[in-house]
Amino acid sequence: MKIGYYPRYDRLGASSRHRFFNYVERWLHDESAGLENVIYPGLSDKYLQKLYRAGKVGKLDLFIEMAKLFRRACFTACDAMVIEYELMPDLPYTWERKLIGNRPYILNYDDNVWVKYNHKPLLKNKFDALCRSAAGVIVANKFLQEKISQLNPKVCMIPTAVDLAAYKRNNLPKFEDFTLVWIGTPVTYKYLEQHLGILQTVSRQLDCTLLIVADKRLEKQRPLSGVKARYVDWSPDSEAEYLLKSHVGIMPLTDDEFSRGKSAFKLLQYQAAGLPLIASPIGENNQVVTEGVNGFLAQSGEEWLQAVKSLRSDSALYCRLAAGAQLKAQEYSLEKYLPVFQNFILDSFRKS
0 MKIGYYPRYD RLGASSRHRF FNYVERWLHD ESAGLENVIY PGLSDKYLQK LYRAGKVGKL
60 DLFIEMAKLF RRACFTACDA MVIEYELMPD LPYTWERKLI GNRPYILNYD DNVWVKYNHK
120 PLLKNKFDAL CRSAAGVIVA NKFLQEKISQ LNPKVCMIPT AVDLAAYKRN NLPKFEDFTL
180 VWIGTPVTYK YLEQHLGILQ TVSRQLDCTL LIVADKRLEK QRPLSGVKAR YVDWSPDSEA
240 EYLLKSHVGI MPLTDDEFSR GKSAFKLLQY QAAGLPLIAS PIGENNQVVT EGVNGFLAQS
300 GEEWLQAVKS LRSDSALYCR LAAGAQLKAQ EYSLEKYLPV FQNFILDSFR KS
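If you count the sequence shown from 1, position 5 lands on 4 in numbering that gives the first Met the number 0, and the numbers rise without skipping.
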């Protein structure tokens, strides 16, 4: 059997990199199961770079990318499909089903992408219909598991797992300044902007640095005024080093339908680097953060301030939570979930 994998993006897209490439590249050929696994990348790295740089892409660029996705859907030969979100964005379900044909397929979701189509009459039921017809659905968190289980009983929860081997460099010195780190993209940077008042208070009262691992151009384009911040470009080669040299990993969120269905992957990365966590008590963050064990859940400005202050001033507490974070990281390792991923795909397609 030849299984085709259809991630939303190429390797630059975090969800595709961690939920498709990291698994499939470790499982390209399985002679014992008679399998050949092939990845057909989606939206190009060049497209994402333009999107992150400008916040939008031109109509010509979008047309070119959509044409590539259409060719991918029409002219790639495989017996079964594993699809991230959907095969073609903004294509109604009935047309997408024609592209899929009679091939069994598995869907893979890490975010509550349903909200994207809430106000589009021709598309608002697309994800429901895709899930109902799927041979199986892989989800990243409990919110999505509960949502999709009402549509399809064949659901497997696989968090966006971390390759722990990338975080084994224990000899790296910490930054001199007490450093809070946030890793993300220009798209998710909005969560820092929406918590600007809290970050200003923490920066002013505790004199700590916020390291933003995303896109250095944000420093000039969308600076966080009143916050002692350092901006660096994200790259796969440097992300682990920046986390390992920081002190605390943060993940602020707003309480909305999309955020409640978000994966908490950046928290898992922070844990793997041995960082105590501070996060908004929303969605999957509540599952990852255990108060007083690997970090703190903080909602109000006072709670954020107290959490940072405690970790900065109490070295025994800091060391205990850092150790707790590293221990809990084992629960979300790529090594643990690779066989789960493999077995679910094999079982789903055997029964389809």
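No residue lacks a Cβ here, since even glycine has one placed at the ideal position from N, Cα and C.
Buried or exposed, going by whether 16 or more other CB atoms sit within 10 Å of the CB of residue i?
i    : result
C207 : buried
A72  : buried
E64  : buried
H28  : exposed
C318 : exposed
S360 : Any question about residue 360 goes unanswered here, given that the chain covers just 0 to 351.
D109 : buried
P6   : buried
P152 : exposed
A133 : buried
V37  : exposed
D353 : An answer regarding residue 353 cannot be provided, because it is not within the stretch 0 to 351 covered by the chain.
N342 : exposed
W94  : exposed
L47  : buried
K58  : exposed
V138 : buried
K265 : buried
E256 : exposed
H246 : buried
H118 : exposed
S31  : exposed
D232 : exposed
F19  : buried
L34  : buried
A321 : buried
L179 : buried
Q268 : buried
R70  : exposed
Taking the continuous alpha helix (DSSP H) assigned at residue i, which residues delimit it?
i    : result
A306 : 300–312
T75  : That residue, T75, is in no alpha helix (DSSP H); it is neither H nor E in DSSP.
E192 : 189–192
E240 : 238–244
K219 : 217–220
F142 : 141–148
Y51  : 44–53
S202 : 195–205
Name, in chain order, the residues that DSSP records as bridge partners for residue i.
i    : result
V292 : Bridge partners of V292: none, in fact.
N36  : I2
W181 : I211
Y230 : I211
S332 : V161
H28  : E35
V56  : V56 is not bridged to any residue.
V23  : Looking at the DSSP assignment, V23 forms no beta bridge with any residue, so it has no partner.
Y8   : L42
V138 : Y108, M156
Between which two residues does the beta strand (DSSP E) carrying residue i extend?
i    : result
V154 : 154–156
Please check if any C-beta of chain D sits within less than 7 Å of the C-beta of residue i.
i   : result
L59 : The displayed structure is made up of one protein chain only, and chain D is not part of it.
Alpha helix (DSSP H) runs contained entirely in the segment 77–136, provided each spans 4 or more residues = Counting only runs of 4 or more, we get 92–99, 125–132.
Complete runs of the beta strand (DSSP E) confined to the segment 246–294 [at least 3 residues] = For the segment 246–294, whole beta strand (DSSP E) runs of length 3 or above, ordered along the chain, are 247–250, 276–278.
Evaluate contact between the segment 270–286 and the segment 320–335, counting only Cβ atoms and requiring at least three cross-stretch pairs below 8 Å.
-> yes
Should the segment 276–294 be called in touch with the segment 161–176, which here means at least 3 C-beta pairs below 8 Å?
-> no
Spell out a yes or no on whether the segment 177–192 and the segment 251–270 are touching, meaning 3 or more CB-CB pairs, one atom from each, closer than 8 Å.
-> yes
So does the segment 148–167 actually touch the segment 9–25, counting three or more Cβ pairs closer than 8 Å?
-> yes
Three or more C-beta pairs closer than 8 Å, one from the segment 196–210 and one from the segment 220–227: is that the case here?
-> yes
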